[in-house]
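S.K.:
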Amino acid sequence: MFAIVRTGGKQYRVAADQKIVVDRINGEVGDKIALDDVLMMGEGADLKDAAKEVVHAEIVEQAKSKKIKVYKKKRRHGYERTQGHRQQLTVLKITALGGKAPAKKAAPKAEAKADDSSEAKAPETKAAESKAAPKKAPAKKATAKSETKTETKAAAEKKAPAKKKAPAKKAATAKSDAKSDDAAE
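In full-length UniProt numbering, the protein residues as written are 1 to 185.
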């Protein structure tokens with residue numbers, strides 16, 4: 001019997017007691033996990049709907065793949081970069097195929113949690129929460145000194161004459177015009 005499962009954006013064909021290497025899955029070595037994204041399950045030509053099926057696996061190892069080097073270069077620009085990368089991997093051992101997906105329990109309503117938590121809080125925790133709340137800083141008042149400084153800077157900028165542009169070199173253009181007139185004759 002085999003199954004097609006999807007994990008980490010990739011699809012894997014798995015069978016019982018098989019080891020597969022997939023992208024990192026959180027967990028410790030020895031943890032049992034359930035792959036519930038089963039696309040197809042069956043044996044030979046006999047295929048069945050796998051929408052509610054689960055593949056059970058055990059984490060054998062948390063590893064890294066072989067290191068690859070990424071090298072970038074742009075010719076004639078003096079640009080060179082080297083970077084390395086090691087993909088995080090998880091080695092899984094498939095323990096069982098099939099079985100039903102565990103039913104998900106409904107979360108309790110938020111109102112019930114809010115009522116319980118407000119009664120259970122001690123006065124000390126309420127005081128700590130009020131201290132953690134951000135306080136607004138008082139607005140800074142403008143002083144007469146700062147106003148006069150900004151006024152004097154603005155007045156100085158108005159009074160200062162604009163920078164004069166350097167006169168264009170007319171002699172060079174006159175020579176080139178004379179040369180072109182001579183060449184025209």
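C-beta: ideal position from N, C-alpha, C; glycine also.
So, with DSSP's three-state summary, where would you put E80?
M.R.: Translated into the one-based positions of the sequence shown, residue 80 becomes position 80. Note: E80 maps to strand in three-state DSSP.
S.K.: Report the CB separation of I94 from A16 in whole angstroms; it is logged as a contact under 8 Å.
M.R.: Taking the first residue of the sequence shown as 1, we reach residue 94 at position 94. Taking the first residue of the sequence shown as 1, we reach residue 16 at position 16. Going by Cβ atoms, the distance from I94 to A16 rounds to 6 Å, so yes, they are a contact pair.
S.K.: How should Y12 be labelled, buried or exposed, when 16 other C-beta atoms within 10 angstroms of its C-beta is the threshold for buried?
M.R.: Position 12 of the sequence shown holds residue 12. Y12 is buried by the Cβ-count criterion.
S.K.: Please classify L92 as buried or exposed, where buried requires at least 16 neighbouring CB atoms within 10 angstroms.
M.R.: Position 92 of the sequence shown, counted from the first residue, corresponds to residue 92. Counting Cβ neighbours within 10 Å, L92 comes out buried, since at least 16 surround it.
S.K.: Strictly by DSSP, which residues pair up with Q87?
M.R.: For the purposes of this step, residue 87 is taken as residue 87 along the sequence shown, with counting starting at 1. Partner(s): none; Q87 has no beta bridge.
S.K.: Assign M40 to one of three DSSP states: helix, strand, or coil.
M.R.: Taking the first residue of the sequence shown as 1, we reach residue 40 at position 40. Reduced to three states, the DSSP call for M40 is strand.
S.K.: From which residue to which residue does the beta strand (DSSP E) around Q18 run?
M.R.: Against the sequence shown, residue 18 aligns to sequence position 18. Unbroken run through Q18: none, as it is neither H nor E.
S.K.: Bridge partners for A57 per DSSP, in chain order?
M.R.: Taking the sequence shown and counting its residues from 1, one reaches residue 57 at position 57. Beta-bridge pairing links A57 to I33, I94.
S.K.: Starting from A3, trace the beta strand (DSSP E) in both directions and tell me its first and last residue.
M.R.: Taking the sequence shown and counting its residues from 1, the one referred to as residue 3 is at position 3. Per DSSP, A3 belongs to the beta strand (DSSP E) from 2-7.
S.K.: In whole angstroms, give me the CA-to-CA distance for R75 and V29.
M.R.: On the sequence shown, position 75 is the one that residue 75 refers to. On the sequence shown, position 29 is the one that residue 29 refers to. When rounded, the distance between both Cα atoms is 47 Å.
S.K.: Alpha carbon to alpha carbon, how far is K72 from L39?
M.R.: As a working note, residue 72 is residue 72 in the sequence shown. As a working note, residue 39 is residue 39 in the sequence shown. When rounded, the distance between both Cα atoms is 39 Å.
S.K.: Would you mind giving the Cβ-Cβ distance between Q83 and R24, rounded to the nearest angstrom? I have them listed as a contact below 8 Å.
M.R.: Taking the sequence shown and counting its residues from 1, one reaches residue 83 at position 83. Taking the sequence shown and counting its residues from 1, one reaches residue 24 at position 24. Contact flag wrong, Cβ pair sits at about 20 Å.
S.K.: Would you check if the distance between the CB atom of G99 and the CB atom of V70 is smaller than 8 Å?
M.R.: By 1-based counting over the sequence shown, the position of residue 99 is 99. By 1-based counting over the sequence shown, the position of residue 70 is 70. Taking 8 Å as the Cβ cut-off, G99 and V70 do not qualify as a contacting pair.
S.K.: Look up D46 in the DSSP assignment and give the residues it is bridged to.
M.R.: Taking the sequence shown and counting its residues from 1, one reaches residue 46 at position 46. Paired residue(s): E43.
S.K.: Taking only the alpha-carbon atoms, compute the straight-line gap between E58 and L97 and give it to the nearest angstrom.
M.R.: Along the sequence shown, read from residue 1 onward, the residue named residue 58 stands at position 58. Along the sequence shown, read from residue 1 onward, the residue named residue 97 stands at position 97. Approximately 12 Å, taken between the alpha carbons.
S.K.: Considering Cα atoms alone, identify which of H56, R86, N26 is closest to K67.
M.R.: Here residue 67 refers to the residue found at position 67 when the sequence shown is read from its first residue. Here the closest residue by C-alpha is R86.
S.K.: Quick check: what's the CA-CA separation for T90 versus G27?
M.R.: Indexing the sequence shown from 1 puts residue 90 at position 90. Indexing the sequence shown from 1 puts residue 27 at position 27. Rounded to whole angstroms, T90 to G27 spans 9 Å at the Cα level.
S.K.: Ignore the nearest five residues each way along the sequence and tell me which others in L47's own chain have a CB closer than 8 Å to its CB.
M.R.: Mapped onto the sequence shown, residue 47 falls at position 47. Closer than 8 Å at Cβ, skipping near neighbours: M40, M41.
S.K.: Applying the criterion that 16 or more other CB atoms from any shown protein chain within 10 Å of the CB defines a buried residue, is A45 buried or exposed?
M.R.: Taking the first residue of the sequence shown as 1, we reach residue 45 at position 45. Label assigned to A45: exposed.
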